[in-house]
(Lines of atoms letter the chains of each structure in order from A and count residues from 1; the text may use other names and numbers.)
(Lines give C-alpha, C1' and ligand atoms only; values in the text may rest on other atoms or scores of the structure.)
Protein backbone atom coordinates (compact mmCIF):
# COMPACT_ATOMS: atom_id res chain seq x y z
CA UNK A 1 0.00 0.00 0.00
CA UNK A 2 1.42 3.34 -0.97
CA UNK A 3 0.70 6.58 0.78
CA UNK A 4 0.84 8.93 -2.16
CA UNK A 5 -0.92 12.24 -2.22
CA UNK A 6 -3.83 12.11 -4.72
CA UNK A 7 -1.91 14.45 -7.04
CA UNK A 8 0.96 11.95 -7.18
CA UNK A 9 -1.21 8.94 -8.00
CA UNK A 10 -1.47 7.70 -11.55
CA UNK A 11 -4.73 8.95 -13.07
CA UNK A 12 -7.36 6.33 -13.81
CA UNK A 13 -8.20 5.70 -17.45
CA UNK A 14 -11.03 7.91 -18.65
CA UNK A 15 -13.77 6.32 -20.76
CA UNK A 16 -14.29 7.52 -24.31
CA UNK A 17 -16.26 10.77 -24.44
CA UNK A 18 -18.69 10.74 -27.36
CA UNK A 19 -20.65 13.78 -28.52
CA UNK A 20 -23.47 12.73 -30.87
CA UNK A 21 -25.01 15.39 -33.09
CA UNK A 22 -28.60 14.19 -32.73
CA UNK A 23 -30.83 11.89 -30.72
CA UNK A 24 -30.74 9.07 -33.28
CA UNK A 25 -26.93 9.00 -33.16
CA UNK A 26 -27.01 8.96 -29.35
CA UNK A 27 -29.47 6.06 -29.30
CA UNK A 28 -27.33 4.11 -31.78
CA UNK A 29 -24.22 4.61 -29.63
CA UNK A 30 -26.03 3.51 -26.48
CA UNK A 31 -27.59 0.47 -28.20
CA UNK A 32 -24.21 -0.61 -29.60
CA UNK A 33 -22.45 -0.51 -26.22
CA UNK A 34 -24.29 -1.69 -23.09
CA UNK A 35 -21.51 -0.26 -20.90
CA UNK A 36 -21.90 3.25 -22.33
CA UNK A 37 -23.54 5.80 -20.03
CA UNK A 38 -25.57 8.82 -21.18
CA UNK A 39 -24.57 12.09 -19.51
CA UNK A 40 -25.60 15.73 -19.65
CA UNK A 41 -22.93 17.44 -17.63
CA UNK A 42 -21.82 14.48 -15.59
CA UNK A 43 -19.82 16.25 -12.88
CA UNK A 44 -20.66 13.66 -10.23
CA UNK A 45 -20.02 10.77 -12.60
CA UNK A 46 -16.60 12.15 -13.59
CA UNK A 47 -15.66 12.38 -9.91
CA UNK A 48 -16.83 8.81 -9.27
CA UNK A 49 -14.80 7.56 -12.23
CA UNK A 50 -11.74 9.50 -11.12
CA UNK A 51 -11.95 8.07 -7.60
CA UNK A 52 -12.58 4.55 -8.86
CA UNK A 53 -15.99 4.49 -7.17
CA UNK A 54 -17.68 3.70 -10.49
CA UNK A 55 -16.33 1.02 -12.80
CA UNK A 56 -17.47 -0.76 -15.94
CA UNK A 57 -18.13 2.41 -17.93
CA UNK A 58 -16.73 2.08 -21.44
CA UNK A 59 -17.93 5.39 -22.90
CA UNK A 60 -19.74 8.56 -21.93
CA UNK A 61 -22.39 9.61 -24.44
CA UNK A 62 -22.79 13.35 -23.91
CA UNK A 63 -26.33 14.49 -24.71
CA UNK A 64 -25.75 18.16 -23.89
CA UNK A 65 -25.26 19.32 -27.49
CA UNK A 66 -28.33 17.61 -28.97
CA UNK A 67 -30.77 20.24 -30.25
CA UNK A 68 -34.18 20.37 -28.63
CA UNK A 69 -33.40 18.48 -25.43
CA UNK A 70 -32.90 21.64 -23.37
CA UNK A 71 -35.92 23.55 -24.61
CA UNK A 72 -38.99 24.85 -22.84
CA UNK A 73 -42.13 25.00 -24.97
CA UNK A 74 -45.32 26.70 -23.91
CA UNK A 75 -48.79 26.36 -25.39
CA UNK A 76 -52.14 27.56 -24.13
CA UNK A 77 -52.68 24.35 -22.14
CA UNK A 78 -49.26 23.05 -21.22
CA UNK A 79 -45.65 23.73 -20.48
CA UNK A 80 -43.17 21.11 -21.70
CA UNK A 81 -39.69 20.88 -20.27
CA UNK A 82 -37.05 19.08 -22.31
CA UNK A 83 -35.05 16.40 -20.49
CA UNK A 84 -31.98 18.64 -20.25
CA UNK A 85 -33.75 21.72 -18.90
CA UNK A 86 -32.05 22.86 -15.71
CA UNK A 87 -33.65 24.40 -12.65
CA UNK A 88 -32.00 27.69 -13.61
CA UNK A 89 -33.72 27.49 -17.02
CA UNK A 90 -37.08 27.01 -15.28
CA UNK A 91 -36.55 29.90 -12.86
CA UNK A 92 -35.46 32.20 -15.70
CA UNK A 93 -38.48 31.40 -17.87
CA UNK A 94 -41.20 34.06 -17.53
CA UNK A 95 -43.71 31.59 -19.00
CA UNK A 96 -42.95 28.95 -16.37
CA UNK A 97 -43.01 31.50 -13.55
CA UNK A 98 -46.37 32.83 -14.77
CA UNK A 99 -47.97 29.46 -15.54
CA UNK A 100 -46.39 27.11 -13.01
CA UNK A 101 -45.03 29.18 -10.14
CA UNK A 102 -44.71 26.21 -7.72
CA UNK A 103 -42.42 24.49 -10.22
CA UNK A 104 -40.24 27.58 -10.51
CA UNK A 105 -40.12 27.85 -6.71
CA UNK A 106 -39.23 24.17 -6.14
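Residue numbers (the working numbering): 59 to 164.
For every residue, glycine included, the Cβ atom is placed at its ideal position computed from N, Cα and C.
Assign residue i to buried or exposed, taking buried as 16 or more other Cβ atoms, counted over all protein chains shown, within 10 Å of its Cβ.
i	result
residue 73	buried
residue 131	exposed
residue 119	buried
residue 149	exposed
Closest by CA to residue i, which one among the options?
i	options	result
residue 143	156, 137, 155, 128	128
residue 111	117, 102, 87, 118	102
residue 91	108, 100, 76	76
residue 28	87, 121, 138, 150	Within the shown structure, residues of the chain are numbered from 59 to 164, placing residue 28 beyond reach of any answer.
residue 71	106, 87, 61	106
residue 136	158, 152, 163	158
residue 63	89, 109, 100, 104	109
residue 24	156, 164, 146	Any question about residue 24 goes unanswered here, given that the chain covers just 59 to 164.
Less than 7 angstroms between C-beta atoms, sequence neighbours within five positions excluded: which residues of the same chain meet that for residue i?
i	result
residue 124	78, 80, 81, 84
residue 154	130, 137, 148, 161, 162
residue 151	130
residue 126	140
residue 115	73, 93, 95, 107
Which same chain residues, not among the five before or five after residue i, have their C-beta less than 8 angstroms away from its C-beta?
i	result
residue 117	73, 74, 75, 76, 87, 91, 93, 94, 95
Answer yes or no: the CB of residue i versus the heavy atoms of the ligand GTP, is any distance below 6 angstroms?
i	result
residue 102	Inclusion of the ligand GTP in the displayed structure is not the case, the ligand content being empty and no account of it being possible.
Ranges of the beta strand (DSSP E) found wholly within the region 63 to 115, counting only runs of at least 3: 74 to 76, 94 to 97
Please give me, in chain order, every unbroken run of the beta strand (DSSP E) with length at least 3 that falls completely inside the region 116 to 153. 117 to 120, 130 to 132, 137 to 139
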